[in-house]
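Peer 1: Before anything else, here's the structure in question.
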Amino acid sequence: MSGLMHGGRLRLASDKYQIPFSNWLDLSTGVSPWTYPFTNVDTLCWNRLPEEEDGLEAAARQYYQTDSLLAVAGSQMAIQLLPKVWLDHLKEKPQYLSSNINLKVGLPKQGYKEHEKAWLKAGWQVVHYDGVPSSTIVADVNALVVINPNNPSGLLISNKQLLEWHQLLSANDGLLVVDEAFADIDNNSSLSHLCPKNNLIILRSIGKFFGLAGIRVGFVIANTPILHRLAAEIGPWIIAGPSREVTKQALEDSGWHKFQCARLKKSTERLAVLLTKIATNQIQDPHDLSGNTERWRISGSSLFQTLYLPNAKEVHDNLCKEAVFVRLTDEEDALRFGLPLNEDQWLRLESVLPKVLTLK
């Protein structure tokens, strides 16, 4: 069991606050509240061992606009294996054979912590960067991980900047890993169509945009040697047959993609307006003459909005007491809100927030 806390652990919250599971409003993940409406799955998917090139890879190549990818059991699987895979790759080069070489990886100070856990486990030294890595950090590390857009801040780094970093890194056997788990809504922000490139690995997720986190499917986009190494580490039959069929349907349905993008954008705009309005009314003190205008701020992506405030942990606790579950960031300085599913959930959130959102 992972030692890190993640969104979605509603049963744990239900036990802690002694509130029945079914009574909660769960906004703790960045997963779309709308699940792709897949049709019936062929019974053979349950009876036969899964096979590659059953249509899933072809659908993924079309969707991600690249010919060089590998289906995995969620991008989390790739996150856990890539540090070792890249280390094994480097050890084939004479200059990296010495056990005394200190390999460094640049990681965002705030972001999905499973990246850091995996690189540390593989023996890498972590160098944190805040928001955007400096040119000094990029020049100093052997690998750089960028979550784009970032979870939970929503910070989006341009393709131009990413490619500049890739050029600098690859000139010295360095690796750029771009985690695009939340990139589906704006494919113009993705580098997948430019792959394969040496020393560049892209991670994509099916769970977030398609609302299919439970089927555990993701993709690694990289050059063939890296994909072969990763496939050897993973082994056969890693994605269940029904998961393969549902993912294939989801990737091929371009009409639904457009519909989903439109409602996600509309919903996240509504959430940003709601949080801004309540934060302004409840937090901002008109008698505060300190000049401090940064008592709170809001940022995010089209699947979540994150509210930064000094007493985030206290507000999180108060929300839980009202059976509203959001994600308290690892730094305990912000709350990430997922999107409500329907009008009843919106009304409940709008009712609870003014009661609990205060700044002390």
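Quick note, our numbering runs 1 ahead of the 1-based positions in the sequence shown.
In this text, a Cβ means the ideal position worked out from N, Cα and C, and glycines have one as well.
On a predicted model such as this, the values are computed, not experimentally measured, just so you know.
Let me know the secondary structure DSSP gives leucine 265 once reduced to three states.
Peer 2: In the structure shown, leucine 265 sits in a helix (DSSP, three-state: H, G or I).
Peer 1: Measuring only the C-alpha atoms, how far is serine 193 from valine 147?
Peer 2: 14 Å
Peer 1: By alpha-carbon positions, which one of Asn312, Leu91, Leu350 and Glu53 ends up nearest to leucine 71?
Peer 2: Glu53
Peer 1: Sort Ile235, Val316, Ile138 and Leu104 by Cα distance to glutamine 81 and report the nearest one.
Peer 2: Ile235
Peer 1: Suppose you measure from the CA of tyrosine 97 to the CA of valine 353; what does that come to, to the nearest Å?
Peer 2: 56 Å
Peer 1: Can you name the residues that DSSP bridges to proline 109?
Peer 2: Tyr130
Peer 1: Using DSSP with H/G/I as helix, E/B as strand and the rest coil, what is threonine 359?
Peer 2: coil
Peer 1: Kindly indicate the opening and closing residues of the alpha helix (DSSP H) around arginine 12.
Peer 2: Taken as a continuous stretch (DSSP letters only), the alpha helix (DSSP H) holding arginine 12 covers 11 to 18.
Peer 1: Let me know if arginine 264 comes out buried or exposed under the rule of 16 or more other beta-carbons within 10 Å of its beta-carbon.
Peer 2: Under this definition arginine 264 is an exposed residue.
Peer 1: Helix, strand or coil: which one does DSSP assign to glycine 215?
Peer 2: Three-state DSSP puts glycine 215 in a helix.
Peer 1: Would tyrosine 64 pass as a contact of leucine 228 if the rule is Cβ separation under 9 Å?
Peer 2: It is not a contact, given that the beta carbons lie outside the stated cut-off.
Peer 1: Give me the DSSP bridge partner(s) of serine 362.
Peer 2: Residue 362 falls outside the range modelled here, since the chain spans only 2 to 361, and no answer is possible.
Peer 1: Which value, in whole angstroms, describes the spacing of the CA atoms of serine 206 and glycine 124?
Peer 2: If you take the alpha carbons of serine 206 and glycine 124, they lie about 26 Å apart.
Peer 1: Tell me whether the beta-carbon of leucine 358 lies closer than 9 Å to the beta-carbon of alanine 280.
Peer 2: It is a contact, given that the beta carbons lie within the stated cut-off.
Peer 1: Please name the residue or residues paired with arginine 328 in a DSSP beta bridge.
Peer 2: Arg337
Peer 1: Rounded to whole angstroms, what is the Cα-Cα separation between proline 21 and cysteine 46?
Peer 2: Straight-line Cα distance between these residues: approximately 35 Å.
Peer 1: Go ahead and label threonine 294 buried or exposed: buried means 16 or more other beta carbons lie within 10 angstroms of its beta carbon, across all protein chains shown.
Peer 2: Caution applies to threonine 294, whose pLDDT of 48 falls short of 50 and renders its modelled position unreliable; the model cannot decide the point.
Peer 1: In the DSSP assignment, what are the bridge partners of leucine 201?
Peer 2: Leu177
Peer 1: Could you tell me which of Lys94, Leu195, Asn103 and Lys278 sits nearest to isoleucine 222, measuring between CA atoms?
Peer 2: Leu195
Peer 1: Contact defined as beta carbons within less than 8 Å: I believe asparagine 214 pairs with valine 32. What is the distance between those atoms, to the nearest angstrom?
Peer 2: Per the sequence presented here, residue 214 reads as alanine, with asparagine not at that position. The Cβ separation is near 5 Å, so the contact holds.
Peer 1: Where DSSP assigns a beta bridge to phenylalanine 220, which residues make up the other side?
Peer 2: In the DSSP assignment, phenylalanine 220 forms a beta bridge with Ala72 and Arg205.
Peer 1: Quick one: residues in its chain with C-beta nearer than 7 Å to the C-beta of glycine 292, no 5 flanking neighbours on either side, listed in chain order?
Peer 2: Note that glycine 292 scores 41 on pLDDT, short of 50, meaning its location in the model is unreliable; the coordinates nonetheless yield the value given after this. No residues qualify anywhere along the chain.
Peer 1: Can you tell me which of Ala74, Ser171 and Asp174 puts its alpha carbon nearest to the alpha carbon of proline 237?
Peer 2: The shortest Cα separation from proline 237 among Ala74, Ser171 and Asp174 belongs to Ala74.
Peer 1: Could you say which of Leu304, Thr277 and Pro51 lies nearest to glutamate 351 if we only look at CA atoms?
Peer 2: Thr277
Peer 1: Quick check: the region 151 to 165 against the region 302 to 318, are at least 3 beta-carbon pairs closer than 8 Å?
Peer 2: yes
Peer 1: The alpha helix (DSSP H) that contains alanine 232, what's its start and end?
Peer 2: Element bounds for alanine 232: 225 to 235.
Peer 1: Give the DSSP-derived three-state secondary structure of leucine 310 in the structure shown.
Peer 2: coil
Peer 1: In terms of residue numbering, what span does the alpha helix (DSSP H) encompassing isoleucine 148 cover?
Peer 2: Segment 144 to 148 is the beta strand (DSSP E) holding isoleucine 148; no alpha helix (DSSP H) there.
Peer 1: Please state whether the Cβ-Cβ distance between tryptophan 120 and proline 84 is less than 9 Å.
Peer 2: yes
Peer 1: Given a cut-off of 9 Å on the beta-carbon distance, is the pair glycine 219 and alanine 59 in contact?
Peer 2: no
Peer 1: Indicate the three-state DSSP secondary structure (helix, strand or coil) for leucine 121 in the structure shown.
Peer 2: helix
Peer 1: Less than 8 Å between C-beta atoms, sequence neighbours within five positions excluded: which residues of the same chain meet that for threonine 1?
Peer 2: No answer is possible for residue 1: it lies beyond the span of the chain, which begins at 2 and ends at 361.
Peer 1: Mapping DSSP to helix, strand and coil, what is asparagine 293?
Peer 2: Caution is warranted here: a pLDDT of 46 is assigned to asparagine 293, below 50, making its placement in the model unreliable, and the coordinate value is therefore given only provisionally. Three-state DSSP puts asparagine 293 in coil, outside helix and strand.
Peer 1: Please return the same chain residues whose Cβ sits closer than 7 Å to the Cβ of tryptophan 257, not counting the five positions on each side in sequence.
Peer 2: Within the same chain, Cβ atoms closer than 7 Å to the Cβ of tryptophan 257 are found at Tyr37, the five residues on either side in sequence being excluded.
Peer 1: Alpha carbon to alpha carbon, how far is leucine 329 from proline 95?
Peer 2: 45 Å
Peer 1: Let me know if leucine 290 comes out buried or exposed under the rule of 16 or more other beta-carbons within 10 Å of its beta-carbon.
Peer 2: With a pLDDT of only 42 at leucine 290, under the threshold of 50, the placement of this residue in the model should not be trusted, and no figure is reported.
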